[in-house]
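A.B. asks: Numbering (the working numbering), first residue to last: 1 to 146.
Sending over a structure as structure tokens; questions will come in a sec.
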């Protein structure tokens with residue numbers, strides 16, 4: 001059982017929003033998943049101005065270190081996710097671009113199809129993503145060092 005609080009599914013605000021191309025995000029996630037032989041793979045996502053950095057893979061086998069261009073508004077944030085579930089979310093949204101709503105490293109992220117409007121500004125909070133379909137993804141726990 002995760003030690004995280006249950007997600008508030010009715011959050012009205014997010015602290016940051018990233019807009020990203022689905023293929024640009026899906027390709028490195030698929031590589032990370034292929035290289036990580038663990039039962040519960042994890043990738044660290046570091047969101048910041050203009051770039052999403054991804055680090056993942058299994059120790060001793062290989063991994064990924066990739067940067068994807070994004071449009072980003074808000075404070076930088078790092079979180080760990082299971083790449084399999086994020087790929088499923090990207091497929092479920094069925095769009096060429098997605099908006100990713102972020103609140104905190106241990107809070108869920110929200111995927112929604114890009115609405116055509118770029119959110120700008122260095123500080124949030126911003127209104128929650130509005131879409132007919134939203135995909136909620138809980139973060140994973142960071143790997144234990146050792």
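Note that beta-carbon positions come from the ideal geometry of N, C-alpha and C, so glycine has one too.
Only a predicted model underlies this, so the values are computations on that prediction, with no experimental measurement involved.
1. Following the continuous beta strand (DSSP E) through residue 135, name the residue where it begins and the one where it ends.
2. Helix or strand or just coil, what does DSSP make of residue 12?
3. Are the beta-carbon atoms belonging to residue 133 and residue 93 less than 8 Å from one another?
4. Do you know whose CA, among 140, 56, 117, 85, lies nearest residue 131's CA?
5. In the DSSP assignment, what residue or residues form a beta bridge with residue 17?
6. Closest to residue 139 by CA distance: which of 101, 129, 64 is it?
7. Which stretch, first to last residue, makes up the alpha helix (DSSP H) that contains residue 92?
C.D. replies: Quick look at the numbers:
1. Locating residue 135 in the chain shown gives position 135, counting from the first residue. Residue 135 -> beta strand (DSSP E) spans 134-137.
2. Residue 12 sits at position 12 when you count from the first residue of the chain shown. Of the three classes helix, strand and coil, the one that applies to residue 12 here is coil, per DSSP.
3. The residue labelled residue 133 in the question sits at position 133 within the chain shown. The residue labelled residue 93 in the question sits at position 93 within the chain shown. Yes, the Cβ-Cβ distance between residue 133 and residue 93 is below 8 Å.
4. Here residue 131 is taken as the residue at index 131 of the chain shown, counted from 1. Nearest of 140, 56, 117, 85 to residue 131, Cα basis: 117.
5. For the purposes of this step, residue 17 is identified with residue 17 of the chain shown, where counting begins at 1. According to DSSP, which records beta bridges pairwise, residue 17 is partnered with 73, 101.
6. Residue numbering aside, residue 139 sits at position 139 when the chain shown is read from its first letter. Minimum Cα distance to residue 139 is reached at 101.
7. The residue labelled residue 92 in the question sits at position 92 within the chain shown. Run containing residue 92: 83-93, per the alpha helix (DSSP H) assignment.
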